[in-house]
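S.K.: Protein chains in written order, with the working numbering: chain S, 543 to 1078; chain R, 23 to 120.
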């Protein structure tokens, strides 16, 4: 077993084991263990990334039983990018939570007093992390389902840590998350019944080889897309997200917004691009001559529906964000809006050359190049969102812990007393609005140019309007903080506690800086994505 | 139509009814039960898909067993949350009006 293979397994098993051990520890020990394990996970990520950098997929047959019987862990380019993002963000959140245990929740003690500190955060968070990594490296659809359920249930627990007020939101989230998972489970069952295997690559191969499986596969793709879109909170299935993400404790909101929804999104991308596209996208099946056209048409309608919902999400989410007066709901609505970006690529993937255009003439792009570019752009947007959103939620949490309020009006003029935090907010605003040179900008650029190369000109106005709208609500959030208070003794919000630890400033700031630094790493990131992709 | 196909249809109907009820009802316990019915329906779909081949597909049967465990887990979590919410009077009112 090589180091990369060992690390791939360890990425799942280390957080899972530590979650179990933490449940037995005292609170101080949990915090300590949490930091150690988070550093270990980042350490395990490195050999996997290096191995992928050499252009090979990491594959581990657990117990040496091959697919379809055994459990196969497979880390390809898509997996490893999501893992790397999760490790970085996870380390930042762990550091923040370990330094400010008050941010981990609220519990009622035996004497009826509520105390803002919850030791339950630690096992739940590491259980969630284990589930996320399991989803990312899972080679078969069923482990994906189990991983998603682990993520979902621990996330419900994490939301519930926010105390009495957040319980209804947690329950609502649980209903939606489980319903989404059940739809996904039925879809997996349908795929297995026509392909006879749970392994993702084998299933994709079977669908390509058996054109008669297309009808069932289409139904499965529809069910799976609806189920996963519920968990990603795509409009109109977004109602649960805002109370859950904004009502959660300060250390939990970034986990939910930056990481948990990415788990379901990863499965969505995996199913569309790695299972359905090789079999049914007309562009990729042309060479084999077996393209079942009616299925391609049905799936392209589904793709358009989801892209349209993405467009609506971008607009509705931004307008709702503009109307918020408190930081955390504003940031939560911004997640609803940004989720729209991640679904725009579907029509591009299923119709890389739009027929309505006639001959574009100047340059001709290979369909696989268009698909690879659209996916690369979308992944860039997703990773950029993860880094920026976690930093932003941590900053909002910082102010909430310090002042006991997150009302935007009450926080005006904070740039003077907390320059580092306001700087972080500025960096994340650049990242979220997708201004140069953030990773989101690189992603947006890549997605747009790939779509234009594929003849999808509609994406240009969509991206421009979405960028302007997101800049508008981000300015609305940060403008007041930058403003100087005119009155000398302007009402400074009352301190909820005297000071915050330095780590609580450094963690979000580092993540904020990373949103910009990663923007310069577009090419290596996109090269990594090609490893193990069906079209390369 | 074979018996398995009938069960498949029945499973689809159970899933649909459960999901519709889940999305429309307000009472929390009724919602949980609707979610359980949806879960039972989807497992029924899986079982009937497994039963269509001879011998019965072991992979799908294994999915059903794991699905049952997960159903038990989320039911327990939801039940705890519902009990806590209904023990807090003002929260219950808030949920009913929203």
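The C-beta atom is built at its ideal place from N, Cα and C for all residues, glycine as well.
With distances taken Cα to Cα, identify the nearest neighbour of residue 943/S among 618/S, 643/S and 636/S.
M.R.: The residue you call residue 943/S lines up with position 401 of the first chain. Closest option to residue 943/S, Cα to Cα, is 643/S.
S.K.: Using the DSSP secondary-structure output, state which residues sit across from residue 865/S in a beta bridge.
M.R.: For the purposes of this step, residue 865/S is taken as the residue at position 323 of the first chain. Answer is none; residue 865/S lacks a bridge partner.
S.K.: Report the neighbours of residue 92/R on chain S: residues whose CB is nearer than 7 Å to its CB, in chain order.
M.R.: Here residue 92/R refers to the residue found at position 70 when the second chain is read from its first residue. One finds 691 in chain S with Cβ atoms closer than 7 Å to the Cβ of residue 92/R, taken in chain order.
S.K.: Counting C-beta neighbours from all protein chains within 10 Å, is the total for residue 70/R 16 or more, i.e. buried, or is it exposed?
M.R.: Position 48 of the second chain, counting from 1, holds the residue named residue 70/R. Residue 70/R is buried by the Cβ-count criterion.
S.K.: Would you tell me roughly how many angstroms separate the C-alpha atoms of residue 1067/S and residue 562/S, rounded to the nearest one?
M.R.: Translated into positions along the first chain, residue 1067/S becomes position 525. Translated into positions along the first chain, residue 562/S becomes position 20. Distance between the alpha carbons of residue 1067/S and residue 562/S is about 34 Å.
S.K.: I'd like to know if residue 709/S contacts chain R, where contact means its C-beta is closer than 9 Å to some C-beta of that chain.
M.R.: Taking the first chain and counting its residues from 1, the one referred to as residue 709/S is at position 167. At least one chain R Cβ lies under 9 Å of residue 709/S.
S.K.: Would you report the Cα separation of residue 1080/S and residue 842/S, rounded to the nearest angstrom?
M.R.: The structure shown does not extend to residue 1080/S, since chain S is modelled only from 543 through 1078, so no value can be given for it.
S.K.: Is the beta carbon of residue 614/S sitting closer than 9 Å to the one on residue 551/S?
M.R.: Walking along the first chain from the start, residue 614/S turns up at place 72. Walking along the first chain from the start, residue 551/S turns up at place 9. Result no, Cβ atoms of residue 614/S and residue 551/S do not sit closer than 9 Å.
S.K.: Just the C-alpha distance for residue 582/S and residue 672/S, rounded to the nearest angstrom, thanks.
M.R.: Indexing the first chain from 1 puts residue 582/S at position 40. Indexing the first chain from 1 puts residue 672/S at position 130. Cα-Cα distance, rounded: 13 Å.
S.K.: From residue 955/S to residue 961/S, what does the alpha carbon distance come to, in whole angstroms?
M.R.: Reading the first chain from its first residue, position 413 is the one you call residue 955/S. Reading the first chain from its first residue, position 419 is the one you call residue 961/S. Cα to Cα, the separation comes out at about 10 Å.
S.K.: Against residue 688/S, what residues of chain R qualify as contacts under a CB-to-CB distance less than 8 Å, listed in chain order?
M.R.: Here residue 688/S corresponds to residue number 146 of the first chain, with the count starting at 1. One finds 88 and 92 in chain R with Cβ atoms closer than 8 Å to the Cβ of residue 688/S, taken in chain order.
S.K.: Can you list, in chain order, the residues of the stretch 754-782 of chain S whose Cβ is nearer than 9 Å to any Cβ on chain R?
M.R.: none
S.K.: What residues from chain R crowd round residue 731/S, counting only those whose CB sits closer than 7 Å?
M.R.: Against the first chain, residue 731/S aligns to sequence position 189. 67, 68, 71, 82 and 85, listed in chain order.
S.K.: Looking only at its chain, what residues have a beta carbon closer than 8 Å to the beta carbon of residue 922/S, apart from the 5 residues adjacent to it on each side?
M.R.: Taking the first residue of the first chain as 1, we reach residue 922/S at position 380. Same-chain partners within the cutoff: 981, 982, 984, 985, 986, 988, 989, 1064, 1067 and 1068.
S.K.: Mind reading off the beta-carbon distance from residue 807/S to residue 884/S? Whole number of angstroms is fine, and I expect it under 8 Å.
M.R.: Walking along the first chain from the start, residue 807/S turns up at place 265. Walking along the first chain from the start, residue 884/S turns up at place 342. That belief holds up - the Cβ atoms of residue 807/S and residue 884/S are roughly 6 Å apart, short of 8 Å.
S.K.: If you measure beta-carbon to beta-carbon, which residues of the stretch 46-59 of chain R are closer than 7 Å to chain S?
M.R.: Result list: 50, 53 and 57.
S.K.: Who are the Cβ neighbours of residue 686/S in its own chain at under 6 Å, not counting the five residues just before and after it?
M.R.: Taking the first residue of the first chain as position 1, residue 686/S is located at position 144. Cβ within range, chain order: 677, 680 and 809.
S.K.: Report the residue ranges of all beta strand (DSSP E) runs contained in full by the stretch 758-797 of chain S; include only those spanning at least 3 residues, in chain order.
M.R.: none
S.K.: Please classify residue 836/S as buried or exposed, where buried requires at least 16 neighbouring CB atoms within 10 angstroms.
M.R.: Position 294 of the first chain, counted from the start, is the residue given in the question as residue 836/S. Counting Cβ neighbours within 10 Å, residue 836/S comes out exposed, since fewer than 16 surround it.
S.K.: Give a yes or no on whether the C-beta atoms belonging to residue 742/S and residue 866/S are separated by under 9 Å.
M.R.: The residue you call residue 742/S lines up with position 200 of the first chain. The residue you call residue 866/S lines up with position 324 of the first chain. In this structure, residue 866/S does not lie closer than 9 Å to residue 742/S by Cβ.
S.K.: Look up residue 1069/S in the DSSP assignment and say whether it is helix, strand or coil.
M.R.: Within the first chain, numbered from 1, the residue matching residue 1069/S stands at position 527. DSSP places residue 1069/S in helix when its eight states are reduced to three.
S.K.: Grab me the residues of residue 1056/S's own chain with a C-beta within less than 6 Å of its C-beta, minus the 5 sequence neighbours each way, in chain order.
M.R.: Position 514 of the first chain holds residue 1056/S. Excluding residues within five positions, the ones whose Cβ falls inside 6 Å are 929.
S.K.: Which residues of chain S have a Cβ atom closer than 7 Å to the Cβ of residue 105/R, listed in chain order?
M.R.: One-based indexing of the second chain puts residue 105/R at position 83. Neighbours of residue 105/R on chain S: none; closest Cβ ~10 Å, over 7 Å.
S.K.: Kindly list the residues whose CB is nearer than 8 Å to the CB of residue 724/S, restricted to its own chain and excluding five residues on each side of it in sequence; keep chain order.
M.R.: Mapped onto the first chain, residue 724/S falls at position 182. Result list for residue 724/S: 769, in chain order.
S.K.: Nearest CA to the CA of residue 85/R: which residue from 28/R, 53/R, 62/R and 104/R?
M.R.: Reading the second chain from its first residue, position 63 is the one you call residue 85/R. It is 62/R.
S.K.: Return no unless some Cβ of chain S is closer than 9 Å to the Cβ of residue 42/R.
M.R.: As a working note, residue 42/R is residue 20 in the second chain. No - not a single Cβ of chain S is within 9 Å of the one on residue 42/R.
S.K.: Any beta carbon of chain S sitting closer than 9 Å to that of residue 99/R?
M.R.: Along the second chain, one-based indexing puts residue 99/R at 77. By this cut-off, residue 99/R is an interface position.
S.K.: From residue 709/S to residue 877/S, what distance separates their C-alpha atoms?
M.R.: Here residue 709/S refers to the residue found at position 167 when the first chain is read from its first residue. Here residue 877/S refers to the residue found at position 335 when the first chain is read from its first residue. Going from the Cα of residue 709/S to the Cα of residue 877/S covers about 21 Å.
S.K.: Between which residues of its own chain and residue 1019/S is the CB-CB distance below 7 Å, once the five residues before and five after are set aside?
M.R.: For the purposes of this step, residue 1019/S is identified with residue 477 of the first chain, where counting begins at 1. The residues are 869, 872 and 950.
S.K.: For residue 110/R, go through chain S and note every residue whose CB falls closer than 7 Å to its CB, in chain order.
M.R.: Your numbering for residue 110/R matches position 88 in the second chain. Result: 706.
S.K.: Looking only at C-alpha atoms, which of 716/S, 711/S, 578/S and 664/S sits nearest to residue 95/R?
M.R.: Counting from 1 along the second chain, the entry for residue 95/R is found at position 73. Checked all of 716/S, 711/S, 578/S and 664/S; the closest Cα to residue 95/R is 716/S.
S.K.: Looking at the strands, I want to know which residues DSSP matches up with residue 682/S.
M.R.: Indexing the first chain from 1 puts residue 682/S at position 140. For residue 682/S, which the question treats as bridged, DSSP gives the partners 741/S.
S.K.: Run through DSSP, which three-state label would residue 106/R get?
M.R.: Position 84 of the second chain, counting from 1, holds the residue named residue 106/R. Taken through DSSP and simplified to helix, strand or coil, residue 106/R comes out as helix.
S.K.: Kindly indicate if chain R contains any beta-carbon less than 9 Å away from that of residue 792/S.
M.R.: In the first chain, the residue the question calls residue 792/S occupies position 250. No, because no Cβ of chain R sits closer than 9 Å to the Cβ of residue 792/S.
S.K.: State the DSSP-derived secondary structure class of residue 617/S, mapped to helix, strand or coil.
M.R.: For the purposes of this step, residue 617/S is identified with residue 75 of the first chain, where counting begins at 1. Strand, per DSSP.
S.K.: Measuring CA to CA, which of 109/R, 77/R and 45/R is closest to residue 720/S?
M.R.: Position 178 of the first chain, counting from 1, holds the residue named residue 720/S. Measuring from the Cα of residue 720/S, the nearest candidate turns out to be 45/R.
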